[in-house]
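Presented below is the structure to which this report refers.
Protein chains: 2
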Amino acid sequence: MTFRRLALIGIGLIGSSLARAARAQGLAEEIVCSTRREATRDTARSLGIVDHAYENPAEAAAGADLVLLCTPVGTYADLSAAIAPVLAPGAILSDVGSVKQAVVRDVGPNVPDGVHFIPGHPIAGTEHSGPESGFAELFQGRWCILTPPPAADPAAVARLRAFWEKVGSQVVEMDPAHHDKVLAITSHLPHLIAYTIVGTATDLEETLRSEVIKYSAGGFRDFTRIAASDPVMWRDIFLDNREAVLEMLGRFSEDLAYLQRAIRWGEGDKLHELFTRTRAIRRGIIEAKQA
Amino acid sequence: MTFRRLALIGIGLIGSSLARAARAQGLAEEIVCSTRREATRDTARSLGIVDHAYENPAEAAAGADLVLLCTPVGTYADLSAAIAPVLAPGAILSDVGSVKQAVVRDVGPNVPDGVHFIPGHPIAGTEHSGPESGFAELFQGRWCILTPPPAADPAAVARLRAFWEKVGSQVVEMDPAHHDKVLAITSHLPHLIAYTIVGTATDLEETLRSEVIKYSAGGFRDFTRIAASDPVMWRDIFLDNREAVLEMLGRFSEDLAYLQRAIRWGEGDKLHELFTRTRAIRRGIIEAKQA
Ligand SMILES: NC(=O)c1ccc[n+]([C@@H]2O[C@H](COP(=O)([O-])OP(=O)(O)OC[C@H]3O[C@@H](n4cnc5c(N)ncnc54)[C@H](OP(=O)(O)O)[C@@H]3O)[C@@H](O)[C@H]2O)c1
Ligand SMILES: NC(=O)c1ccc[n+]([C@@H]2O[C@H](COP(=O)([O-])OP(=O)(O)OC[C@H]3O[C@@H](n4cnc5c(N)ncnc54)[C@H](OP(=O)(O)O)[C@@H]3O)[C@@H](O)[C@H]2O)c1
Numbered sequence: 002m003t004f005r006r007l008a009l010i011g012i013g014l015i016g017s018s019l020a021r022a023a024r025a026q027g028l029a030e031e032i033v034c035s036t037r038r039e040a041t042r043d044t045a046r047s048l049g050i051v052d053h054a055y056e057n058p059a060e061a062a063a064g065a066d067l068v069l070l071c072t073p074v075g076t077y078a079d080l081s082a083a084i085a086p087v088l089a090p091g092a093i094l095s096d097v098g099s100v101k102q103a104v105v106r107d108v109g110p111n112v113p114d115g116v117h118f119i120p121g122h123p124i125a126g127t128e129h130s131g132p133e134s135g136f137a138e139l140f141q142g143r144w145c146i147l148t149p150p151p152a153a154d155p156a157a158v159a160r161l162r163a164f165w166e167k168v169g170s171q172v173v174e175m176d177p178a179h180h181d182k183v184l185a186i187t188s189h190l191p192h193l194i195a196y197t198i199v200g201t202a203t204d205l206e207e208t209l210r211s212e213v214i215k216y217s218a219g220g221f222r223d224f225t226r227i228a229a230s231d232p233v234m235w236r237d238i239f240l241d242n243r244e245a246v247l248e249m250l251g252r253f254s255e256d257l258a259y260l261q262r263a264i265r266w267g268e269g270d271k272l273h274e275l276f277t278r279t280r281a282i283r284r285g286i287i288e289a290k291q292a
Numbered sequence: 002m003t004f005r006r007l008a009l010i011g012i013g014l015i016g017s018s019l020a021r022a023a024r025a026q027g028l029a030e031e032i033v034c035s036t037r038r039e040a041t042r043d044t045a046r047s048l049g050i051v052d053h054a055y056e057n058p059a060e061a062a063a064g065a066d067l068v069l070l071c072t073p074v075g076t077y078a079d080l081s082a083a084i085a086p087v088l089a090p091g092a093i094l095s096d097v098g099s100v101k102q103a104v105v106r107d108v109g110p111n112v113p114d115g116v117h118f119i120p121g122h123p124i125a126g127t128e129h130s131g132p133e134s135g136f137a138e139l140f141q142g143r144w145c146i147l148t149p150p151p152a153a154d155p156a157a158v159a160r161l162r163a164f165w166e167k168v169g170s171q172v173v174e175m176d177p178a179h180h181d182k183v184l185a186i187t188s189h190l191p192h193l194i195a196y197t198i199v200g201t202a203t204d205l206e207e208t209l210r211s212e213v214i215k216y217s218a219g220g221f222r223d224f225t226r227i228a229a230s231d232p233v234m235w236r237d238i239f240l241d242n243r244e245a246v247l248e249m250l251g252r253f254s255e256d257l258a259y260l261q262r263a264i265r266w267g268e269g270d271k272l273h274e275l276f277t278r279t280r281a282i283r284r285g286i287i288e289a290k291q292a
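Keeping their order, the protein sequence lines are chains L and A. Be aware that the first sequence starts at 2, since it is given in my numbering, and climbs by one per residue. Be aware that the second sequence starts at 2, since it is given in my numbering, and climbs by one per residue.
In structure tokens form, the structure reads like this:
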């Protein structure tokens, strides 16, 4: 057993997948969670993925040697303040949030002395939410990024690393600012664009909109899948990674204007050149087994 | 047998899928193709999906009662001029091109009297190219849009309809301009955006680019799949559906600027409102079984 008591603060897609994977791999003697709504607690209990489901996050965190925040990042400030008094010295406090600088900013000041605060982010997910949508294999073959502060205890980092490796991930360490920059282009901007185009279609006249649904197999439907992700989670991500998202969005908009002009002026060579150049990245992703 | 001789002008993903499906359903006594390169002819022959593979499109079209153009739309003007002299009265000339007004413009003037010209477009595909990537089930459960001219012979339209229904599609008739407008939002704009964001990532500094590949599972990889489609096919589509694509792109850019502003000013309520509103379209697509 890697841990005695694992506390998951939040038990949605990510939290419940971790509960399942940790149970399957025998990574904790006891797995507990807290979650806001009674209905979610009932679901978590009836799925049998936790030993206890509490309303109060402090009750879940009490006595835990690994506490993982698994709620939208906008809730981290309050939740970490709520659990701080019960965190035991030597315990690891980590999270799964999709941004990292804001987590350091919001959680860092609440961490008691002697508690190891090591933020993390599994690069794995689906567009579904809630404990019923999780599965133990979610993290297999996927990366998990940890952003330990420079003074972090190496032994604590090693224990958290081992936990993620045992649920199937490859672990890499990174600076929070660099994490936020990389994720802005690999995840946040794609989601923003997907939400935008689906929004554009939503605003079309009624007849055209029903045809968009009917003939969505030409590419559009893939965007609707991405844009079906949880609204609160994504609102928080964009608010908390503003700078990096706006920077990447600026580059994207310039590039789009370039293609727009090429289409307007019938410059087929420019279109062909870009459409050819983009294939290299796809090949890289297939070779890296992330396709 | 619905047709005596089916001639596929071009035998890539779409042509070869039609050859396989038509053979499987017994829709033609003889299935032939023409294709530009010797290597593609060899592949088509060795796959056993056609009875003859010609270099000269006129040899394939000669004596055919159904001729389907299955090459990039930019080649249609020349190809239709090349086959026009051999098209038999009563034959149906159709196509699978992703735009329809340009096809009417480019092919229409070459169609001999007595030949039934009925443009078509199956809303089905993948990002792969060439005869080896086709499969007989590609069209199953997918829509096929026909854009017969107002004076089209109803019996010929009915025969072509039956052909598409037998390969598994639902057939709908539409005006070419309306087709181009619907496809601009359901297919052309999504591809343009996917190519753009993958291009934006391609231009990043070398170290960041390798990380984009590594951590692409957060959303980006889905865009790279779409942006792996054939460059020539897509160049032709954008050049041939300029007006409708630029119109939808204008709307998209406005909507993106609105979200950009909301992120910059921290207006979480606007983000949340849009992210919630877009879910209805996803539900529609799942209900329409096009997900
Ligand atoms: N989904 C992904 O693809 C993905 C990937 C990597 C990382 N992440 C990160 O993982 C975290 C959780 O995402 P998820 O997909 O697992 O979400 P989810 O399935 O929607 O579950 C969210 C959990 O957080 C709780 N919660 C929501 N709002 C809350 C609030 N205002 N106060 C207290 N608790 C609240 C929910 O409680 P109730 O159900 O009781 O309301 C539920 O337990 C997020 O920080 C996200 O950035 C997500
Ligand atoms: N792919 C999709 O998802 C999809 C979906 C719906 C409709 N469509 C439409 O279907 C058509 C074909 O697409 P596809 O995906 O089947 O393409 P593909 O797999 O790339 O095959 C293209 C075919 O066209 C031939 N060709 C290419 N350039 C040519 C040229 N300059 N002159 C003569 N022949 C040429 C190729 O011949 P060689 O191999 O001998 O060079 C090959 O036989 C396009 O009009 C496209 O708009 C595609």
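Backbone N, C-alpha and C define an ideal beta-carbon position, used for all residues, glycine too. Keep in mind it's a predicted model, so treat the numbers as computed, not measured.
| Asked | Found |
| --- | --- |
| Roughly how many angstroms separate the alpha carbons of L/Lys-271 and A/Ala-245, rounded to a whole number? | 19 Å |
| Between A/Val-46 and the rest of its own chain, which residues show a CB-CB distance below 6 Å, the 5 nearest in sequence each way excluded? | Note that residue 46 of chain A is Arg in the sequence shown, not Val. So the list reads Ala-54, once near-sequence residues are dropped. |
| Please classify L/Lys-290 as buried or exposed, where buried requires at least 16 neighbouring CB atoms within 10 angstroms. | exposed |
| Express the C-alpha separation of L/Glu-212 and A/Asp-223 in angstroms, rounding to a whole number. | 23 Å |
| Between A/Lys-215 and chain L, is there a C-beta pair that is closer than 8 Å? | yes |
| Is the shortest distance between the beta-carbon of L/Leu-9 and the beta-carbons of chain A less than 8 Å? | no |
| Tell me whether A/Ser-99, by its Cβ, gets closer than 7 Å to a heavy atom of ligand 2. | yes |
| At a threshold of 7 Å, does L/Leu-48 count as lining ligand 1 (C-beta to nearest heavy atom)? | no |
| By how many angstroms is the C-alpha of L/Ala-78 removed from the C-alpha of A/Gly-219? | 24 Å |
| Going by DSSP, what residue range makes up the alpha helix (DSSP H) through L/Val-168? | No alpha helix (DSSP H) contains L/Val-168, which DSSP labels as neither H nor E. |
| Could you tell me whether the Cβ atoms of L/Thr-201 and A/Asp-256 are closer together than 8 Å? | yes |
| Under 7 Å from any heavy atom of ligand 2, does the C-beta of A/Thr-36 make it? | yes |
| Quick one, which of L/Glu-60, L/Arg-265, L/Phe-164, L/Ser-17 has its alpha-carbon nearest L/Leu-147's? | L/Phe-164 |
| Since I believe A/Ile-194 is in contact with L/Ile-198 (beta carbons under 8 Å), could you give me their beta-carbon distance rounded to a whole number of angstroms? | 6 Å |
| What are the residues that DSSP puts in a beta bridge with L/Gly-121? | L/Leu-147 |
| What number of angstroms, rounded off, separates the C-alpha of L/Arg-236 from the C-alpha of L/Ala-89? | 32 Å |
| Should A/Gln-141 be flagged as near chain L, meaning a C-beta pair shorter than 8 Å? | no |
| If I follow the unbroken beta strand (DSSP E) through A/His-53, where does it start and stop? | 53 to 55 |
| Does A/Ile-186 come within less than 8 Å of chain L when only Cβ atoms are used? | yes |
| Kindly list the residues whose CB is nearer than 6 Å to the CB of A/Ser-134, restricted to its own chain and excluding five residues on each side of it in sequence; keep chain order. | Leu-14 |
| Excluding the 5 residues flanking L/Lys-167 on each side, which residues of the same chain have their C-beta closer than 6 Å to its C-beta? | Gln-26, Leu-28 |
| Going by C-alpha to C-alpha distance, which of A/Phe-239, A/Leu-275, A/Ala-22 sits closest to A/Lys-101? | A/Phe-239 |
| Let me make sure I understand the geometry here. Which of L/Ser-17, L/Ile-119, L/Ile-50 has the alpha-carbon closest to that of L/Val-104? | L/Ile-119 |
| Given L/Pro-113, which residues of its chain have a CB within under 7 Å of its CB, disregarding the five upstream and five downstream residues? | Ala-85, Leu-88 |
| Please confirm whether any heavy atom of ligand 2 lies closer than 7 Å to the CB of A/Leu-193. | no |
| Over what stretch of residues does the beta strand (DSSP E) that includes A/Arg-6 continue unbroken? | 4 to 10 |
| Using a Cβ-Cβ distance under 8 Å, would A/Gln-291 count as near chain L? | yes |
| State the start and end residues of the unbroken alpha helix (DSSP H) segment that holds L/Ser-18. | 14 to 26 |
| Using only CA atoms, which one of L/Gly-142, L/Ala-82, L/Ala-263 lies nearest to A/Arg-243? | L/Ala-263 |
| What do you reckon, is the C-beta of L/Thr-299 under 7 Å from a heavy atom of ligand 1? | What the structure shows of chain L is the stretch from 2 to 292, and residue 299 of chain L is not part of that stretch, so it cannot be assessed. |
| For A/Leu-260, return the contacting residues in chain L, with the cut-off set at a CB-CB distance below 9 Å. | Leu-193, Tyr-196, Thr-197, Gly-200, Phe-239, Leu-250 |
| Looking at chain L, is there any beta carbon in it that lies within less than 8 Å of the beta carbon of A/Arg-222? | yes |
| Inspect the CB distances between the region 176 to 187 of chain L and the region 147 to 163 of chain A and report whether three or more fall short of 8 Å. | no |
| Looking at A/Pro-73 and ligand 2, is the gap between the Cβ and the nearest heavy atom below 7 Å? | yes |
| Look at L/Phe-136 and L/Gly-169 and say whether their C-beta atoms are less than 8 Å apart. | no |
| Which residues of the region 84 to 103 of chain A have a Cβ closer than 9 Å to any Cβ of chain L? Give them in chain order. | Ser-99 |
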